[in-house]
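Written out below as structure tokens is the structure these notes cover.
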């Protein structure tokens, strides 16, 4: 997982993400959602409490092979993700100000539940 800041012409945001994880890690993350739904739902609840939600950008239209049995809507939606990410929009007018540092630290702390969840899975998966 990474923390990143994107400063662009059309939008500015910070993110915490496993963006395009390797096949083994993505499979392990999907398996974690399917086999430990309580842990995954606790993650989602913690993110929501912190005013964040998983980004659904680029998700699959159907369940990946082997996950067709997952029918609960929230879990099925998560399993269709190709990435596990949260974002924080940044006001472009504030990118030069010192308050941006505090804003980014606050976001990173609010995103920590995703980092903890992903890193726990990542630690058990061999690198592709």
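Residue numbers (my numbering): 197 to 324. Yeah, the Cβ is synthetic: ideal placement off N, Cα and C, and Gly gets one too. In this text the structure is predicted, and so the values were computed from the model without any measurement.
Identified DSSP bridge partners for residue 285 = According to DSSP, residue 285 bridges with 209.
Can we say the region 276-289 touches the region 247-264, given the rule of at least three CB pairs closer than 8 Å?
-> They touch, by the three-pair rule.
Assign residue 203 to one of three DSSP states: helix, strand, or coil.
-> In the three-state reduction of the DSSP assignment, residue 203 falls in the strand class, which pools E and B.
Taking DSSP as the reference, what is the three-state secondary structure of residue 263?
-> Judged by DSSP in its simplified three-state form, residue 263 adopts coil rather than helix or strand.
Rounded separation between residue 241 and residue 292 - CA only | Between residue 241 and residue 292, the C-alpha separation is close to 33 Å.
Check whether the Cβ atoms of residue 282 and residue 218 lie closer than 9 Å to each other.
-> Between residue 282 and residue 218, the C-beta spacing is not below 9 Å.
Residue 307 versus residue 321: straight-line alpha-carbon distance, rounded | Residue 307 and residue 321: Cα-Cα distance of roughly 22 Å.
Residue 215 by DSSP, collapsed to three states: which one?
-> Residue 215: coil per DSSP, three-state reduction.
Residue 198 (DSSP reduced to helix, strand or coil) | If DSSP states are grouped into helix, strand and coil, residue 198 belongs with the strands.
Check whether residue 311 and residue 210 have beta carbons under 9 Å apart | Against a cut-off of 9 Å, the Cβ pair of residue 210 and residue 311 comes out as no contact.
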